[in-house]
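Student:
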Amino acid sequence: FEDFKATEKNLKEALGHDTKTLNEYLRILEELELVQQIQSEGAEESYWISKNKLFKIPGEISDPAIGLFHAQTMKEAQTRLQSLSLYNQFRTLYFSLDQAAFEDICETLNDVANRLKVKYCNNYINDKRLFKFNFQLYPVTDLLNTASKMS
């Protein structure tokens, strides 16, 4: 954000995390090459910048850092679930999907994510809250053959 200097002090205050938690999150983001730490000459404190203005964390867990990011996100969501706030929104939907429908819903989720980035991404945070929007799509059951279970 152009109107927010992402120093450790400012990030801790804005996010409400302790130093250890914040440093762990920053380490994960650095491993994913999404942020980089800047140490300016003469500056009292280093700060972090995003390497890419518009980014989304991949859904494929091909890297341990991506898996760790998603695990931390789920822990964060669980904490938010326990706090009462008008801003915490949780929804759950169940679908029975064959392979074609699964591929279609994945494509739809990517389209929705891209539309949300274009519509809501901007360079400023003053007088705003930073929101995180998560998608989780996973099978709850193995492949079921119910033909034999009808009698």
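Residue 4 is where the sequence shown starts when you use this note's numbering, and the numbers rise one by one after that. Just so it is clear, CB atoms sit at the ideal spot from N, CA and C, and this is done for glycine as well. In this text the structure is predicted, and so the values were computed from the model without any measurement.
1) Once you ignore the five residues that flank Tyr97 on each side, which residues in its own chain have a CB closer than 8 Å to its CB?
2) Tell me whether the beta-carbon of Tyr141 lies closer than 9 Å to the beta-carbon of Glu5.
3) Which whole-angstrom value is the C-beta distance of Glu48 and Glu11, which I expect to be below 8 Å?
4) Secondary structure at Gln102, three-state DSSP: helix, strand or coil?
5) Report yes if the C-beta distance between Leu147 and Ala17 is below 9 Å; otherwise report no.
6) Tell me Ser53's beta-bridge partners as DSSP assigns them.
7) Give me the Cβ distance between Ala80 and Asn137, rounded to the nearest whole Å; I'm assuming they're in contact under 8 Å.
8) Please classify Phe105 as buried or exposed, where buried requires at least 16 neighbouring CB atoms within 10 angstroms.
Tutor: In this structure, then:
1) Around Tyr97, the same chain offers Val143 as residues with beta carbons nearer than 8 Å, after the five sequence neighbours per side are excluded.
2) Judged by beta-carbon spacing, Glu5 lies beyond the 9 Å limit of Tyr141, meaning their Cβ atoms are not closer than that value.
3) The Cβ separation is near 7 Å, so the contact holds.
4) Gln102: helix per DSSP, three-state reduction.
5) No.
6) DSSP lists Val38 as partners of Ser53.
7) Right, the Cβ-Cβ distance comes to about 6 Å (below 8 Å), so this counts as a contact.
8) By the neighbour-count definition (other C-beta atoms within 10 Å, threshold 16), Phe105 is an exposed residue.
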